[in-house]
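Each remark here refers to the structure printed beneath this line.
Number of protein chains: 2
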Amino acid sequence: MRFEVLHTCKQSGARVGRIYTDHGVIDTPCFMPVGTKATVKGLNPEEVKATGAQIVLSNTYHLYLRPGHELIEKAGGLHKFMNWDGAILTDSGGFQVFSLSSLRKISDEGMEFNSFIDGSRHFFSPEKSIAVQRALGSDIVMAFDELTAPEISHEKARDAMERTLRWLDRCAAQPLKSHQTLFPIIQGNMFADLRRESALRSIPYATCGIAIGGLSVGETAEKMYEMLDVLQPLLPPDMPHYLMGVGTADYIVEGVARGVDMFDCVLPTRIARNGTAMVKQGFLTIRNQPFAEDFTPIDPDCDCYACRNYTRAYIRHLIKADEINGGRLLSVHNLRFLARLTADIRKAIFEDRFLDFKREFLAQYEG
Amino acid sequence: MRFEVLHTCKQSGARVGRIYTDHGVIDTPCFMPVGTKATVKGLNPEEVKATGAQIVLSNTYHLYLRPGHELIEKAGGLHKFMNWDGAILTDSGGFQVFSLSSLRKISDEGMEFNSFIDGSRHFFSPEKSIAVQRALGSDIVMAFDELTAPEISHEKARDAMERTLRWLDRCAAQPLKSHQTLFPIIQGNMFADLRRESALRSIPYATCGIAIGGLSVGETAEKMYEMLDVLQPLLPPDMPHYLMGVGTADYIVEGVARGVDMFDCVLPTRIARNGTAMVKQGFLTIRNQPFAEDFTPIDPDCDCYACRNYTRAYIRHLIKADEINGGRLLSVHNLRFLARLTADIRKAIFEDRFLDFKREFLAQYEG
């Protein structure tokens, strides 16, 4: 894997880059659709690709539990199993153990947790997480980290950060397949000194990219931007910077302004299934009554499959009737919205007017 | 609308035909996928068309209740609303009132029933059913009929048949759009004399097609075939014969042998969503354990999108994980299976060997 910065905006630190992987090129800044269980919910790979996505994210935790990483390895790896020939990033499972599993027990050795499927007991260590991701064969492998909730003490945040760093050292010692690259994850909760320290001590482990974890977990937007501001001058300029779990338009624009190159989030497809479209003004709750007889597209300026072929009234009907295609059409639209947003961002950076773009974009954005 | 018989099999009464509509040609014998609520569950129109379908069925009862036929008429009609440029057949609502609505009250005037959505009280008459179908703008409009359960008395079956005939007379008196055609529905429960009488008294109302209703509702296969045998010599040879609610391979093959040209059923897509594939041998329960590590396609001889790109193991994983795409892939396969079956049937008829085809097909079919 290789990263190339094509242009850095003269108005800001925002960069346009390109990641070269064995499964194609990724133009950055980019948004990565989430396909938790080896499928972006409801969409064929061709539909995902048609939105402009070049990389999808999948989840080690879910795939380890079902259908199992050995099965996927036997199938020829995750790309072949799910029929996606673009790039894949797998997260390490740390976040899912934190957010989905009850009765988790964390020690230096790793995390013990209950399966969200049947309650059975499992154990993840840094070694185990990397072994699973090696079996899956993703292009970008995430380090196994300990996530912490906002508003914990400095001491607890330091403990978790130190553990994450010890785990990173163990992750880095594990073998990967030749096309795979390990991304360390910077933690440190909401403490500037810990974030700084975590970055400086993680960077030596980064070969082609680095991630910022533990943000967008309940803290204010200002706090998140503050942490990104702390990190921006420290991050290696010759590597992509991945802000984990962020996928609303305003956060993406603010993140890019702070040197972030990669984003992912379940939100765009999750709110789609609940009947909400992403537009330049924020969110459009298509399932609401005002759209019942609205025979215009979700967004007349959008070139996605849904906007070219269907009306708000029809999509609302599908959502109200619990028809799968409602969420599918909105998922296509929301992913295309973010692909167009990141394409617009790249264009603005190339033209050295990203701060103007950001100001104009946020002026119309109501969230 | 116009129907043309291209060939009648010298071995049997089976026919190959072609229906010409304002929304394209339909090769018969054909299977019509069901898109109850103005969408074939989970599939884009392009995906439905790619399976080979030339006509879909939609439901007057459901669309009248939600989103409402006036809304669909305002949208430019059902074809435009759901983005399907092929032909559409709408059923009359009689069957759905019978099968979905509690507290229905049937009189000569029509049927009073409770909405399956909110329990609100509604009334369907022959005039109302046709008015709704006119607003929807389907190509084939079904007469409003009274369905009866198997094992009722001859007297009750005659009463319902007589009512259906009176309703047919009222349906036929209603105006339609110029591209629309009304199909009468032959009833008469499981009584040969009533079926005969219903056919003879319905045929004068048929302008371009006729349907057989009230079969495949719980009676034995033998009883259904017996009723079809009674009807076959009576049905107008220059019109398509539509056997309502039938969609398994064996019934289709047996129906074609008895002069049936059109079929529809929710079964192929419903069992798909439950994890079952249709194959020449019958049904393959992909969700079962034996397929967990089966890295072959559903059917190696099938040319559908699912079989060209995915393994049984992957589809099983999606079904087990409640991922929409599992049911979507199996829906595509099952619809393609029936489109290939009817194409094979047409070929065998053209080659005057349909009875041989039928014998060979049923010999391997285990149901």
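Line by line, the protein sequences give chains A and B.
Convert by adding 24 to the 1-based position in the first sequence; the result is the number in the numbering used here.
Convert by adding 24 to the 1-based position in the second sequence; the result is the number in the numbering used here.
In this text, a Cβ means the ideal position worked out from N, Cα and C, and glycines have one as well.
In the three-state reduction of the DSSP assignment, Phe140 of chain B falls in the coil class, being assigned neither a helical nor a strand state.
Under the three-state reduction of DSSP, Ser222 of chain A is assigned to helix. Ser125 of chain B carries a coil assignment under DSSP once its states are collapsed to helix, strand and coil. If you look at Leu200 of chain B, you'll find it isn't in any alpha helix (DSSP H); DSSP assigns it neither H nor E. Of all alpha-carbon atoms in B:Asn83, B:Ala155, B:Arg332, the one lying nearest the alpha-carbon of Ala62 of chain B is that of B:Asn83.
Relative to the Cα of Pro69 of chain A, the nearest Cα in the group B:Phe385, B:Ile369, B:Asp368, B:Leu353 belongs to B:Leu353. For Ala235 of chain B, the uninterrupted beta strand (DSSP E) segment begins and ends at 234-236.
Residue environment analysis places Gln313 of chain A among the exposed positions, since fewer than 16 neighbouring C-beta atoms fall within 10 angstroms of its C-beta. Against chain B, the CB of Phe105 of chain A has a partner CB under 7 Å away; the residue lies at that interface. Beta-bridge partners of Asn83 of chain B (DSSP): B:Asp115. Spanning the alpha carbons of Cys326 of chain B and Thr293 of chain B requires a straight line of approximately 17 Å.
If you keep only unbroken alpha helix (DSSP H) runs of at least 4 residues inside the stretch 228-262 of chain B, you get 245-255. The C-alpha of Ile130 of chain B lies about 18 Å from the C-alpha of Asp115 of chain B.
Looking at the backbone, the Cα of Ala337 of chain B and that of Gly306 of chain B are separated by about 19 Å. Look at the stretch 157-204 of chain B and you find these whole runs of alpha helix (DSSP H), each 4 residues long or longer: 178-196.
Per the coordinates, the alpha-carbon of Ala316 of chain A lies some 17 Å from the alpha-carbon of Pro324 of chain A.
Under the three-state reduction of DSSP, Asp288 of chain B is assigned to strand. If you draw a straight line from the Cα of Pro260 of chain A to the Cα of Arg364 of chain A, it is about 27 Å long. Ala111 of chain B is not a Cβ neighbour of Ile209 of chain B, given a cutoff of 7 Å. From the listed residues B:Leu30, B:Val29, B:Ala38, B:Arg182, the smallest Cα separation to Ile276 of chain B is found for B:Ala38. Within chain B, the C-beta atoms nearer than 8 Å to that of Tyr334 of chain A come from Asn107, in chain order.
By a beta-carbon distance limit of 8 Å, Asp376 of chain A does not contact Gln157 of chain A. Their separation comes to about 38 Å.
By alpha-carbon distance to Pro257 of chain A, the top candidate from A:Lys344, A:Leu291, A:Ala216, A:Arg26 is A:Ala216. Straight-line spacing of the CA atoms in Leu291 of chain A and Phe168 of chain A works out to 23 Å. Non-local beta-carbon contacts of Asn349 of chain A in its own chain, meaning distances under 6 Å to residues more than five positions away in sequence, involve Leu342 in chain order.
A distance below 6 Å between beta-carbons, with the five flanking residues on each side excluded, links Ala155 of chain B to no residue of its chain. Using a C-beta cut-off of 8 Å, the stretch 145-155 of chain B makes contact with the stretch 184-196 of chain B, since at least three inter-stretch Cβ pairs fall below that distance.
A straight-line Cα-Cα distance of about 18 Å links Pro53 of chain A and Leu239 of chain A. Judged by DSSP secondary structure, Ala281 of chain A falls within the alpha helix (DSSP H) whose first and last residues are 273-281.
By the Cβ test, the stretch 121-139 of chain B is not in contact with the stretch 244-253 of chain B, since fewer than three Cβ pairs between them sit closer than 8 Å. By the C-beta criterion, the stretch 267-285 of chain B is judged not to be in contact with the stretch 97-109 of chain B, since fewer than 3 inter-stretch pairs fall below 8 Å.
Taking C-beta atoms under 8 Å as the contact rule, Pro321 of chain A and Thr309 of chain A fail to qualify, at a distance of about 16 Å. Counted as a single uninterrupted DSSP element, the stretch harbouring Gly350 of chain B is not any beta strand (DSSP E) but the alpha helix (DSSP H) occupying residues 348-374.
Spatial neighbours of Glu136 of chain B in its own chain (CB-CB distance under 6 Å, excluding positions within 5 residues in sequence) are listed in chain order as Lys129, Phe147. If only complete runs of 3 or more residues are kept, the stretch 38-112 of chain B shows the beta strand (DSSP E) at 39-45, 48-52, 54-56, 79-83, in order along the chain. Under DSSP, Thr309 of chain A forms a beta bridge with A:Thr300.
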